[in-house]
Structures are given as structure tokens and as C-alpha cells.
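Asker:
Protein chains: 2
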Amino acid sequence: MNIGQAAEASGVSAKMIRHYESIGLVPRVDRQDSGYRDYGPEDVHRLGFVRRSRDLGFSLERIRVLLGLWGDPSRTSAEVKALALTHINELEEKARHLQEMATVLRGLSLACDGDERPDCPIIASLETAQKVPTGQVGHNSLLKAPMRKRRARTTGA
Amino acid sequence: MNIGQAAEASGVSAKMIRHYESIGLVPRVDRQDSGYRDYGPEDVHRLGFVRRSRDLGFSLERIRVLLGLWGDPSRTSAEVKALALTHINELEEKARHLQEMATVLRGLSLACDGDERPDCPIIASLETAQKVPTGQVGHNSLLKAPMRKRRARTTGA
DNA sequence: TGTGGGGCTTCCCACTATGGGAAGGTCAAC
DNA sequence: GTTGACCTTCCCATAGTGGGAAGCCCCACA
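Order-wise, the sequence lines are chains A and B. Residue 129 in my numbering sits at position 131 of the first sequence, with consecutive numbering throughout. Residue 133 in my numbering sits at position 135 of the second sequence, with consecutive numbering throughout.
1. Note down, in chain order, each residue of its chain lying with its Cβ closer than 7 Å to the Cβ of residue 32/B, except the 5 sequence neighbours on either side.
2. Quick check on the burial criterion: 16 or more other C-beta atoms within 10 angstroms. Buried or exposed for residue 55/B?
3. Tell me the rounded alpha-carbon separation between residue 98/B and residue 64/A.
4. Mind pulling the chain B residues with CB within less than 7 Å of residue 31/A?
5. Would you report the Cα separation of residue 43/A and residue 8/A, rounded to the nearest angstrom?
6. Which class does residue 26/B belong to by DSSP, given the choice of helix, strand or coil?
7. Using the C-alpha atoms, what's the distance from residue 15/B back to residue 39/B?
8. Residue 1/B CB to nearest chain A CB: under 8 Å?
9. Compare the beta carbon distance of residue 62/B and residue 23/B with 8 Å and say whether it is the shorter of the two.
10. Counting Cβ pairs, one atom from each stretch, are 3 or more of them under 8 Å apart for the stretch 95 to 115 of chain A and the stretch 68 to 80 of chain B?
11. Could you tell me which chain B residues have their CB closer than 7 Å to the CB of residue 85/A, listed as they occur along the chain?
12. With a CB to CB cut of under 8 Å and the five nearest residues on each side skipped, what residues in its chain are close to residue 11/A?
13. Just verifying my parser: in three-state terms, what is the DSSP assignment at residue 35/B?
14. So which of 1/B, 127/B, 121/B has the shortest CA-CA distance to residue 70/A?
15. Check the C-beta distance from residue 82/B over to residue 103/A and give it rounded, since I have them as a contact under 8 Å.
16. How about residue 55/A: is its C-beta nearer than 8 Å to some C-beta of chain B?
17. When you compare only the Cα positions, how much space is there between residue 49/A and residue 30/B?
18. Are the beta-carbon atoms of residue 46/A and residue 127/B separated by less than 8 Å?
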């Protein structure tokens, strides 16, 4: 089976299959006399595993671990579950972050007339780091690590 | 004011300030005799605007537009609001996507014993594209554009 | 048997946004 | 003058995916 057919069968693009192979995520497959890669059912199966893992948001590095667990007969479901729970927490944290930004912006938008005049609380809020009328959020600076202190300079004149 | 002080005052790292300047997001500032960049209050103000826009998840390209609207006395609040609403929709769509992945995985995790045995519905689900007992979600392949059809080949022998 | 076109190969570049680090110049305090 | 923090530019790295070029392979059809 050529790479194009493996791509269609697995849902992973040929481009990505080559990439996954190049970074060692999936093993190098045999070559035909022509030099074309030759895929068997097992290879396609594995690519499908990768594809579904990606669909659930796993990073390639984590999929590397998942593939290891998949092929390890002495794995425990506890290991798999722990990995999944870690990932779930990360997903939900990111989702919360995005939703919080949306909520802040939603509050500002509600206060914006959206007419022909230039006055706009959205622009005003971006301009100055002040509280926004969201009820409970009240700050713009989310999740950014504080910057390290710099030595004060006597900026002359 | 040197770049380090502008960075601390604005919350944008010196590295990023230089980068923003290099891509034309913020104008090139004057240089001191030493060749050091020299920042004034207006520059810091603008950098703060960029910082807060980033904190709300705006892309640099969209911040370019926002900066244009900010400095445009003939802007309308409708323009700003439209841009904000577009962004809100994108944020919430991404948040939903992440949350949906988390929910699917949560369902699989609930069905996983997490003990010393290898049997694991999480691995099983990644292995084969079958329905998962989540109640309403029931699919793994989310949001991926379908791949274009390829011509079937008579894979000889 | 020749040819056309689609698939395959490798290799490089692009994207987003940010940071690390090197090599070297500048400034201010002591 | 020395020292150390700060500045300069330039290159590289990240994560994941796609675009595209140059060139070879293969097969169907005329």
C-alpha cells in the first residue's frame, strides 16, 4: 500500500505520515523496489491511533508515550488513566483561559454602543489597565508570569 | 527611557518589543547617541495597549487593526465591536473544542478502572474509531476537514 | 511503444508568538 | 580603569501542519 492510500485509510495526511516517521513517532516502513514506502494493515492501524490521539488533543510527545503503552503488554490501566487525567486538566485549563478572555471581552462589548460614534469601552479598556464592568472578573492581565525586576537607572536629565 | 524600562513599564519583554518593531506592529522609536532605543510615555502607552490586547487573546495581526482603530479619530465603535465579536466567537469556538475533547476523554477515563491490569477503554478507543460511552458525544473525529479522495490504484499482485 | 498525468521522493520555506543565547558595544558606579 | 548590567543585532528553537519545487516512478490509454 502506497503512502497516499495509507493516508486516506488512516486519516493522516501523507505529509504528516512522513513527518511522524522523520521524528521517530512511527517506525520506518519497508520500501518497494521503486523506493516508495510500503504500508501494511498494522501500519495503518497505528496511524489511525495517532490520528485519534491528535483528535483528542494529545501532543506528539504524549502520543509517543501512548504508543508505548499501547504496545506494552505489561502496562497498567492506571498509567494510561493518569496520563489521560493530566491531559484533561490541561485541556480544561486552556478552555477556561479562552472562555475567560471571551467573557471579559463580552462584557466590554455589551457596554459598547456599536454605532457611528468613536467612543468605545473596548478601546478604552485596552488603552488603560483599569477594571472592566464584568461583575466578577475585573482584570485584564491573566496568567502572564510577572516580569523580573530590573535595576533602576538614573535616567539623566 | 531604555528598552528595559519600557519593558517593565509596559509589561512587554524587551525581546518582544524589538520583535514588534521589526514586524512593523509598533513604529521604530528614536535612538540615543549610543544607538539605544529611546522610549517616551506614548510609546510605553502603545506597548501597554498591545500587551492588554494580547492578554485578551488577540493575534498580532488583529492588534495591528486595533492599533489603527485606536489612532483613528474617525473610527466608529461599530467597527471595534464587530472586530471584538468576531474574536469572541473564535475564542469560544476554541474553548468549546478543547472542552469537548476533555469531555470525551473524561468519559473514557470514568470507564477506566485505573488499576494494575492492562485493560483500558482509553487505549481501546484510541485503537479503534468506535463510539464512546459519553452519552451524547459519541465520536472521536472532531473538526478535522475530510481528506480529499484519491484515485484508487490497482495495487498489483 | 510512447506519452501524459498523477503519485511518489527529498528538501526547503512558511506560519504564530515567544524565548534562549552568542558576540560585541555602552554606560555608570566605584 | 575596571566591572557588571544593559544594550545591540543575528541566529536558532519551540509545535504542528501545509505549500511547493525538482525530479523519479508507474500505469492506462492511444
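Note that beta-carbon positions come from the ideal geometry of N, C-alpha and C, so glycine has one too. In this text, all values refer to a predicted model and were calculated from it rather than measured experimentally.
Answerer: Here's the rundown:
1. As a working note, residue 32/B is residue 34 in the second sequence. Correct list: empty, nothing qualifies.
2. By one-based count along the second sequence, residue 55/B stands at place 57. In the assembly as shown, residue 55/B is a buried residue. Its beta-carbon has 16 or more other beta-carbons within 10 Å.
3. Position 100 of the second sequence, counted from the start, is the residue given in the question as residue 98/B. Position 66 of the first sequence, counted from the start, is the residue given in the question as residue 64/A. Their Cα atoms are separated by approximately 20 Å.
4. Mapped onto the first sequence, residue 31/A falls at position 33. What residue 31/A touches in chain B: nothing, since even the nearest Cβ is about 12 Å away.
5. By one-based count along the first sequence, residue 43/A stands at place 45. By one-based count along the first sequence, residue 8/A stands at place 10. Distance between the alpha carbons of residue 43/A and residue 8/A: 7 Å.
6. Start at 1 with the first residue of the second sequence, and residue 26/B comes out as number 28. It is coil, neither helix nor strand.
7. In the second sequence, residue 39/B corresponds to position 41, counting from 1. In the second sequence, residue 15/B corresponds to position 17, counting from 1. When rounded, the distance between both Cα atoms is 15 Å.
8. Taking the second sequence and counting its residues from 1, the one referred to as residue 1/B is at position 3. Cβ-Cβ to chain A under 8 Å: no for residue 1/B.
9. Here residue 62/B refers to the residue found at position 64 of the second sequence. Here residue 23/B refers to the residue found at position 25 of the second sequence. Cβ distance < 8 Å, so residue 62/B and residue 23/B count as in contact.
10. yes
11. Here residue 85/A refers to the residue found at position 87 of the first sequence. The contacting residues are 103.
12. The residue you call residue 11/A lines up with position 13 of the first sequence. Taken in chain order, the residues that qualify are 5.
13. Within the second sequence, residue 35/B is the residue found at index 37, counting from 1. Residue state, collapsed to three classes: strand.
14. As a first step, residue 70/A must be located in the first sequence, where it is residue number 72. Closest option to residue 70/A, Cα to Cα, is 121/B.
15. As a working note, residue 82/B is residue 84 in the second sequence. As a working note, residue 103/A is residue 105 in the first sequence. That belief holds up - the Cβ atoms of residue 82/B and residue 103/A are roughly 6 Å apart, short of 8 Å.
16. The count along the first sequence starts at 1 and reaches residue 55/A at position 57. Yes, residue 55/A lies at the interface with chain B (some Cβ there is under 8 Å from its Cβ).
17. As a first step, residue 49/A must be located in the first sequence, where it is residue number 51. As a first step, residue 30/B must be located in the second sequence, where it is residue number 32. Taking the straight line joining both Cα atoms gives about 54 Å.
18. Counted from its first residue, the first sequence places residue 46/A at position 48. Counted from its first residue, the second sequence places residue 127/B at position 129. Cβ atoms of residue 46/A and residue 127/B: closer than 8 Å.
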